[in-house]
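Engineer:
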Amino acid sequence: MLWVTNLAPEPHDVYWSNLWLPYRQLWLRRIATLLASIVFMFLFLIPVAFVQGLSQLDQLQQRLPFLKGILKKTFMIQIVTGYLPSVILQLFLYTVPPTMMLFSTVEGPISRSGRKKSACTKVLYFTIWNVFFVNVFSGSVINQLNVISSPKDIPAQLARAVPRQATFFITYVLTSGWASLSSEVIQLFGLVWNFLKKYVFRVKEDDPASVPSFPYHTEIPRVLLLGLLGFTCSILAPLILPFLLVYFLLGYVVYRNQIMNVYCSRYETGGRMWPIVHNTTIFSLVLAQIIALGVFGLKESPVASGFMIPLVILTLLFNEYCRQRFHPLFKNFPAQVGGIPSYLNSTIIFQIVKWKFSFVSMLPVLELP
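Dropping the structure here:
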């Protein structure tokens with residue numbers, strides 16, 4: 001009989017509902033959740049295509065003739081083509097984190113941190129694909145397949161497509177970035193639930209276990225997606241940078257307050273979310289360099305294009321160095337971090353153990369009659 005062992009999570013981190021799952025079912029569950037995530041990602045192209053249709057006035061007036069009179073006003077054109085698409089897309093995106101959390105639960109992780117990390121990765125891939133790439137390439141499945149079939153033209157196509165979506169991305173920063181920070185501070189859902197619990201259900205005592213933990217699977221993908229927009233749009237649409245600067249400055253203040261004063265840390269993961277942040281940042285940087293390569297190619301500047309290739313290679317080498325040097329620290333917990341405070345050295349620990357044993361030796365010995 002073969003035994004498969006993994007590092008056990010801490011007691012507060014154990015997800016007891018999945019602890020009974022046989023090991024042979026795990027790979028089937030992972031394949032099933034992967035296929036379900038891919039199907040859900042492609043089904044989401046329907047609302048994305050609808051959102052993209054709002055930005056094309058000619059097609060919108062042909063399919064909905066009664067809008068011709070309304071869309072002649074400059075104010076309505078700015079709302080329909082500028083602000084409305086990002087708002088509708090954001091409303092649809094609210095369904096993604098709960099769905100991915102459900103998929104991650106079915107996947108069978110035995111720890112709460114593993115479930116949340118898996119959901120965070122799924123939401124991140126989903127948002128980068130549907131918010132950035134699908135919108136950049138006009139939201140058409142046929143266009144997506146054409147891009148995949150001609151990978152050598154990807155830099156030039158990105159260089160042409162990103163400026164066309166600059167207005168959409170700026171309004172997306174406002175709706176998904178600034179608005180999310182305000183809703184994070186207000187905690188509207190928590191206020192409504194506490195009101196119902198206190199005045200409708202007549203629950204007088206507050207349960208300490210009801211304090212929520214930080215929603216990493218919701219907030220980390222949003223921050224990383226906005227960082228990707230900053231990297232990729234900084235070359236061709238630098239107007240987005242002041243909006244992102246305000247978002248990250250406010251985000252530092254808001255998230256710091258929420259983590260320290262609002263949310264409860266139910267378990268310790270040792271910073272295992274950081275590799276996701278690092279890998280996504282490197283991906284965003286490489287993507288920005290590829291777009292710059294396409295821009296220089298369109299400008300017919302072979303010298304500048306040639307200098308971009310070593311920059312991409314050096315970035316990938318730096319990522320590999322970080323992976324070899326730091327990734328093992330996030331896979332295994334050191335014993336010192338797990339149980340011994342960092343300010344205690346070996347001499348102090350020896351004195352504490354010696355004092356405990358000497359105290360035990362001084363206890364009276366009970367003798368049975």
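Position 301 (the sequence shown) corresponds to 301 in full-length UniProt numbering; numbering is contiguous.
Glycine included, each C-beta is placed from N, C-alpha and C at the ideal position.
DSSP state of V203, grouped into three classes?
Structural biologist: Coil at V203, not helix or strand.
Engineer: Taking the alpha-carbon positions, what's the I22 to R29 distance?
Structural biologist: Sequence check: residue 22 is Pro here, not Ile. Using only the alpha carbons, I get a separation of about 11 Å.
Engineer: What do you get for E320, buried or exposed, if any count of 16 or more other CB atoms within 10 angstroms of its CB means buried?
Structural biologist: By the neighbour-count rule (16 or more Cβ atoms within 10 Å), E320 is not buried but exposed.
Engineer: State the DSSP-derived secondary structure class of S111, mapped to helix, strand or coil.
Structural biologist: If DSSP states are grouped into helix, strand and coil, S111 belongs with the strands.
Engineer: Roughly how many angstroms lie between the CA atoms of P221 and T121, to the nearest whole one?
Structural biologist: If you take the alpha carbons of P221 and T121, they lie about 8 Å apart.
Engineer: Alpha carbon to alpha carbon, how far is C322 from L191?
Structural biologist: Roughly 43 Å separates the two Cα atoms.
Engineer: Would you mind giving the Cβ-Cβ distance between I128 and L225, rounded to the nearest angstrom? I have them listed as a contact below 8 Å.
Structural biologist: Rounded, the Cβ-Cβ distance is 6 Å, consistent with contact.
Engineer: According to DSSP, simplified to helix, strand and coil, what is V4?
Structural biologist: Note: V4 maps to coil in three-state DSSP.
Engineer: What does DSSP give as the partner residue(s) for V14 in the beta ladder?
Structural biologist: DSSP lists S111 as partners of V14.
Engineer: Is N319 helix, strand or coil when you go by DSSP?
Structural biologist: In this structure, N319 counts as helix in the three-state DSSP scheme.
Engineer: Using three-state DSSP, classify I170 as helix, strand or coil.
Structural biologist: Looking at I170 - three-state DSSP - the assignment turns out to be helix.
Engineer: I'd like the list of long-range same chain contacts for V211, defined as Cβ closer than 8 Å, with 5 residues on each side in sequence excluded.
Structural biologist: Hits under 8 Å: Y263 and C264.
Engineer: Quick check on the DSSP output: what are the complete beta strand (DSSP E) runs of length 3 or more inside the stretch 230-310, in order along the chain?
Structural biologist: Taking only runs of at least 3 residues, no beta strand (DSSP E) segment lies wholly in the stretch 230-310.
Engineer: Short of 6 Å in beta carbon distance, which residues of its chain neighbour L89, apart from the five on each side in sequence? Order them along the chain.
Structural biologist: Hits under 6 Å: V51.
Engineer: Please confirm if the stretch 176-185 is in contact with the stretch 247-258, defined as three or more CB-CB distances below 8 Å between the two stretches.
Structural biologist: Counting Cβ pairs under 8 Å, three or more are found: they touch.
Engineer: Tell me whether the stretch 232-241 and the stretch 97-114 touch, counting them as touching only if at least three CB pairs, one residue from each stretch, are closer than 8 Å.
Structural biologist: Contact fails: fewer than three Cβ-Cβ distances are below 8 Å.
Engineer: Can T232 and A288 be called in contact, C-beta distance under 8 Å?
Structural biologist: Closer than 8 Å, so yes.
Engineer: Assign L229 to buried or exposed, taking buried as 16 or more other Cβ atoms, counted over all protein chains shown, within 10 Å of its Cβ.
Structural biologist: Label assigned to L229: buried.
Engineer: Rounded to whole angstroms, what is the Cα-Cα separation between D13 and L34?
Structural biologist: The alpha-carbon atoms of D13 and L34 are separated by roughly 24 Å.
Engineer: Which residues in the same chain have their Cβ closer than 7 Å to the Cβ of A8, if we skip the five residues on either side of it in sequence?
Structural biologist: The answer is none, since no qualifying residue turns up.
Engineer: Along the alpha helix (DSSP H) that carries N194, what are the first and last residues, could you check?
Structural biologist: That run of the alpha helix (DSSP H) goes L188 to F195.
Engineer: With a threshold of 8 Å between beta-carbons, can L249 be considered close to chain B, or not?
Structural biologist: Of the protein chains in the structure, only one exists, and it is not chain B.
Engineer: Hey, how far is the Cα of P310 from the Cα of I290?
Structural biologist: Their Cα atoms are separated by approximately 11 Å.
Engineer: Less than 6 Å between C-beta atoms, sequence neighbours within five positions excluded: which residues of the same chain meet that for N130?
Structural biologist: So the list reads F44 and V48, once near-sequence residues are dropped.
Engineer: Compute the Euclidean distance between the alpha carbons of S37 and H278, then round it to the nearest angstrom.
Structural biologist: Taking the straight line from one Cα to the other gives about 23 Å.
Engineer: With distance defined between alpha-carbon atoms, name the residue in P109, M101, T171 and F283 nearest to P242.
Structural biologist: When only C-alpha atoms are compared, the closest one is T171.
Engineer: Taking the C-alpha atoms as reference points, what is the distance between N18 and G108?
Structural biologist: Going from the Cα of N18 to the Cα of G108 covers about 6 Å.
Engineer: Using 8 Å as the Cβ pair cut-off and three pairs as the minimum, do the stretch 153-172 and the stretch 293-306 touch?
Structural biologist: The stretch 153-172 is in contact with the stretch 293-306.
Engineer: For T269 and V4, I'd like the C-alpha separation in whole angstroms.
Structural biologist: Distance between the alpha carbons of T269 and V4: 22 Å.
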